[in-house]
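Undergrad:
Protein chains: 2
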Amino acid sequence: MTATKKQNISASLEDYLEAIFNLTAESKTARSKDIAKSLGVSRASVTGALRLLKEKKLANYEPYGFVTLAKSGRAAAAEVVKKHNILKTFFVNVLGIEIETAQKAACRAEHALGAKVISQLLNFIEFTAKENKNGYDIVGKFWKFCEK
Amino acid sequence: MTATKKQNISASLEDYLEAIFNLTAESKTARSKDIAKSLGVSRASVTGALRLLKEKKLANYEPYGFVTLAKSGRAAAAEVVKKHNILKTFFVNVLGIEIETAQKAACRAEHALGAKVISQLLNFIEFTAKENKNGYDIVGKFWKFCEK
DNA sequence: TGACAAAGTTAGTTACAGCTAACTATATTA
DNA sequence: TAATATAGTTAGCTGTAACTAACTTTGTCA
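Each protein sequence line maps, in turn, to chains A and B.
Going left to right, the first sequence walks through residues 1 to 148 as my numbering numbers them.
Going left to right, the second sequence walks through residues 1001 to 1148 as my numbering numbers them.
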């Protein structure tokens, strides 16, 4: 078989992939200083990360050139973004966490949780929606339960 | 005021605190080689970590001597263990994740999630138990929902 | 009690991930 | 087009966290 083994990417590099993914979605080109700003990191750190991402064939990058995600990089980034969104939605819509807190928690947890947990969280979100449609508002009852 | 500011502890050091906490609970003394074994790390790495924990006044330690947790170290360890247990319980009892998978996921997520998220997860576990007692088996329905 | 094994430490290496300061390339604009 | 500001890179440093190999300490038991 020809399956490209999914390589281990550090939490830090996942953050860079995610940032590039989001920036290119918004504005077509990911510039080094924008990546730096969005991650709260120096421009020099971005250069270092881009070199690593290139080495690992996750991003296409030449000094002073454009940054784009390679195929495997885009897949990895999409995976992280998906985890992020599911986590954030779960925290906000089910647990009732404030958006800002949920955002930060999702940023950290997205690197720590595997596919199985994430898919079950998504299932759970869908389950509560279905139950709600059927007249049983699990989330509403839970939030009331928390008020005590 | 005299509040000792809660210092930042790395995920790695939290793991060491947790290991020492669990070992002392089981067998009264935490030996370096047992810490190494339980974390899957070399003995030399343990020595380095113990030095750091001592510097930060989280553990009492002299070369070739006993290791015990200082007051603040015990508190930090207990916090991590608590997070671990709540996460694991949530993964297993609510999401229906296999125990081994849940164990590993909890190990990683315990360092990433803050107090608010954890306390809401605990609330949720208690909420489903209460609902179940009242005749509405949320978890059972969810697991059935997942089967499709 | 002395030899030996087990436990623990030290020294030195590697890799990652960040930083600042100084340099280079690019792009803008007068 | 030349000056300059902005963007990006490089070099060198720091701190964390792991490793192996070699050494020291401790404890056991013949």
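Beta carbons are placed, not taken as given, at the ideal position from N, Cα and C, and that holds for glycine.
1. Output the boundary residues of the beta strand (DSSP E) element that contains Y1061(B).
2. Report back the beta-carbon spacing between F1090(B) and F1124(B) to the nearest angstrom; my notes put them in contact at under 8 Å.
3. When we look at the beta-carbon of I960(B) and count the other beta-carbons within 10 Å, is it buried (16 or more) or exposed?
4. Applying the 10 Å Cβ sphere with the 16-neighbour rule, what's the burial state of G140(A)?
5. Whose C-beta lies closer than 6 Å to the C-beta of L1122(B) among residues of the same chain, with five residues either side of it excluded?
6. From the DSSP secondary-structure annotation, give me the bridge partner or partners of T68(A).
7. Just to confirm my understanding: we take K148(A), look at its own chain, exclude 5 residues before and 5 after, and list those with CB closer than 8 Å. What are they?
8. Who are the near neighbours of T1002(B) in its chain, counting only those whose CB is closer than 8 Å to its CB and skipping five residues on each side?
9. Measure the beta-carbon distance from A1036(B) to V1046(B) and round it to whole angstroms, keeping in mind my assumption that it falls under 8 Å.
10. Find the residues of chain A that neighbour G1096(B), judging by a C-beta separation of less than 8 Å, and give them in chain order.
11. In angstroms, rounded to a whole number, what distance separates the CA positions of V1094(B) and A1109(B)?
12. Are F142(A) and F1127(B) close, meaning C-beta to C-beta below 9 Å?
13. Taking its Cβ as the centre, do 16 or more other Cβ atoms sit within 10 Å of E98(A), making it buried, or is it exposed?
14. Between L52(A) and G73(A), how many whole angstroms is the CB-CB distance? I'm expecting something under 8 Å.
15. With H, G and I counted as helix, E and B as strand and the rest as coil, what does DSSP make of S42(A)?
16. Helix, strand or coil: how does DSSP classify A1075(B) here?
17. Does DSSP classify E18(A) as helix, strand or coil?
18. Count the other C-beta atoms from every protein chain shown that fall within 10 angstroms of the C-beta of K83(A), then say buried if there are 16 or more, exposed otherwise.
19. Excluding sequence positions up to five away, which residues of its chain have a Cβ less than 7 Å from the Cβ of L113(A)?
20. Tell me where the alpha helix (DSSP H) around V1139(B) begins and ends.
21. Can you check which of these residues, S1042(B), T1068(B), S1012(B) and Y1061(B), is closest to S1027(B) by C-alpha distance?
22. Nearest-angstrom Cα distance between A76(A) and K1130(B)?
23. Please tell me whether E1026(B) has its Cβ less than 9 Å away from any Cβ of chain A.
24. Mind checking which residues open and close the alpha helix (DSSP H) that includes S1119(B)?
25. If you draw a straight line from the C-alpha of V81(A) to the C-alpha of D34(A), how long is it?
26. In chain order, what residues of the same chain lie with their CB nearer than 7 Å to the CB of D1015(B), ignoring the 5 residues before and after it?
27. Within this structure, are the beta carbons of L13(A) and A49(A) separated by less than 9 Å?
28. So what does DSSP say about T29(A), is it helix, strand or coil?
29. Who are the near neighbours of K1057(B) in its chain, counting only those whose CB is closer than 6 Å to its CB and skipping five residues on each side?
30. Provide the residue span of the alpha helix (DSSP H) that contains Q1103(B), from first to last.
31. Using the Cα positions of N134(A) and K1088(B), report the straight-line distance between them to the nearest angstrom.
32. Three-state secondary structure (DSSP) at A49(A)?
TA: Result, derived from the coordinates:
1. A1059 to Y1061
2. 7 Å
3. What is shown of chain B runs 1001 to 1148, which leaves residue 960(B) out entirely.
4. exposed
5. I1086
6. N60(A)
7. The answer is none, since no qualifying residue turns up.
8. At T1002(B), the pLDDT of 48 sits below 50, so the modelled position is not reliable and the matter cannot be decided from this model.
9. 5 Å
10. Q120
11. 16 Å
12. yes
13. exposed
14. Going by Cβ atoms, the distance from L52(A) to G73(A) rounds to 11 Å, so no, they are not a contact pair.
15. Coil.
16. helix
17. helix
18. buried
19. K83
20. Counting along the chain, the unbroken alpha helix (DSSP H) around V1139(B) starts and ends at I1138 to E1147.
21. T1068(B)
22. Within the model, the alpha-carbon separation for A76(A) versus K1130(B) is close to 40 Å.
23. Proximity of E1026(B) to chain A, defined by a Cβ-Cβ separation below 9 Å, is not satisfied.
24. A1115 to K1133
25. 18 Å
26. Excluding five sequence positions before and after D1015(B), the CB atoms of its chain that fall closer than 7 Å to its own CB belong to L1039, given in chain order.
27. yes
28. In the three-state DSSP reduction, T29(A) falls in the coil class, being neither helix nor strand.
29. Taking C-beta separations shorter than 6 Å and ignoring five residues to either side along the sequence, the partners of K1057(B) in its chain run A1070, following chain order.
30. I1099 to A1109
31. 30 Å
32. helix
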